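**Student:** Mapping of the sequence shown onto our numbering: position 21 corresponds to residue 69, and the numbering continues sequentially without gaps.
C-beta atoms are modelled at their ideal positions from N, C-alpha and C, and glycine is treated no differently.
In this text, all values refer to a predicted model and were calculated from it rather than measured experimentally.
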Amino acid sequence: ATGSPVAECVEYFQSWRYTDVHNGCADAVSVTVEYTHGQWAPCRVIEPGGWATFAGYGTDGNYVTGLHTCDPATPS
Numbered sequence: 049a050t051g052s053p054v055a056e057c058v059e060y061f062q063s064w065r066y067t068d069v070h071n072g073c074a075d076a077v078s079v080t081v082e083y084t085h086g087q088w089a090p091c092r093v094i095e096p097g098g099w100a101t102f103a104g105y106g107t108d109g110n111y112v113t114g115l116h117t118c119d120p121a122t123p124s
């Protein structure tokens, strides 16, 4: 289950191999990535100014459609 959209200070940059997420906020954020094909993505805590790497869109065009808040303590 995904939460609400993340704040505008959290951005993602996608390529075919990796999706890098940057936290430009003043506080740590818990983020997961939503994909076109509904692929599962982990919940990662990103410290202020920090980065996290998720899967890219690959050869089948499984693009990132958005970032959402999540609870890192909840097993999926």
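Can you look up Ser78 in the DSSP assignment and give me helix, strand or coil?
**Tutor:** Counting from 1 along the sequence shown, the entry for residue 78 is found at position 30. Ser78 falls in the strand class under three-state DSSP.
**Student:** Pull up the distance between the alpha-carbon of Gly104 and that of Ser63, whole angstroms please.
**Tutor:** Locating residue 104 in the sequence shown gives position 56, where the first residue counts as 1. Locating residue 63 in the sequence shown gives position 15, where the first residue counts as 1. Approximately 6 Å, taken between the alpha carbons.
**Student:** In the structure shown, what three-state DSSP assignment does Val54 receive?
**Tutor:** Against the sequence shown, residue 54 aligns to sequence position 6. In this structure, Val54 counts as coil in the three-state DSSP scheme.
**Student:** Tell me which residue opens and which closes the beta strand (DSSP E) that His116 is part of.
**Tutor:** Counted from its first residue, the sequence shown places residue 116 at position 68. 112-117 is the span of the beta strand (DSSP E), which, as asked, contains His116.
**Student:** Starting from Arg92, trace the beta strand (DSSP E) in both directions and tell me its first and last residue.
**Tutor:** Locating residue 92 in the sequence shown gives position 44, where the first residue counts as 1. Counting along the chain, the beta strand (DSSP E) containing Arg92 begins and ends at 92-94.
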